[in-house]
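Letter 60 of the sequence shown, counting from 1, is numbered 1403 in my numbering, and no numbers are missing. Taking it in order: structure first as structure tokens, then the write-up.
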Amino acid sequence: MRFKGKVSWWFYAIIIGVAAFLIPLIIVSACVNPNAAALITTLAVFLVVESFCFSIVLHNYVELQNEALLIVFGFIKKKIPYSDILSISTTRDASSSLAASLDRIEVKYKNKSAVMISVVDKEGFFNKMKEYNPNMIICQEE
């Protein structure tokens, strides 16, 4: 079963903000000082950042597979076997994570590792995870 990743307004603001900053910079630098190396570098940075952000918007989901939880966040894929998952809980931790929203779920697994994700249907995700690993601790706060 697949759960769509949640993308908050601030993530779209980053995409638009980067474009709003770099596109005029590229145009002005091309007109004022047509230095090909600087123009190509700025354009390359713009394309890389925007490609990464758009990939997150387009490929952002969590899939409950037969033996493992698959997290897809843009170009990043992470697979965690259900048997390794110790707990899942809601969080608003702003640390770097595989989530484009602050409405997050922290997945703790073996070796003191953790990853944060964000899905549109949190309640459905929690319910399905109970079926896949009834031994995990679930802390679902609303």
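Each residue gets a CB set at the ideal place from its N, CA and C atoms; glycine is no exception.
{"Item": "N- and C-terminal bounds of the alpha helix (DSSP H) containing methionine 1472", "Value": "1465-1475"}
{"Item": "Reduced DSSP category for cysteine 1354 - H, G, I as helix; E, B as strand; rest coil", "Value": "One detail in the question is off: residue 1354 reads as phenylalanine in this sequence, not cysteine. Of the three classes helix, strand and coil, the one that applies to phenylalanine 1354 here is helix, per DSSP."}
{"Item": "Three-state class that DSSP yields for leucine 1445 in the structure shown", "Value": "coil"}
{"Item": "Complete alpha helix (DSSP H) runs within the stretch 1364-1426 (minimum length 4 residues, chain order)", "Value": "1379-1401"}
{"Item": "Nearest to alanine 1437 (by Cα), restricted to the options Asp1446, Ser1430 and Ile1359", "Value": "Asp1446"}
{"Item": "Between the CA atoms of leucine 1365 and leucine 1401 - distance to the nearest angstrom", "Value": "22 Å"}
{"Item": "Contact check, serine 1440 vs valine 1462, beta carbons under 8 Å", "Value": "no"}
{"Item": "Under 8 Å between C-beta atoms of isoleucine 1414 and isoleucine 1481", "Value": "no"}
{"Item": "Option nearest serine 1456 by Cα separation, candidates Ile1358, Ser1444, Asp1427 and Lys1349", "Value": "Asp1427"}
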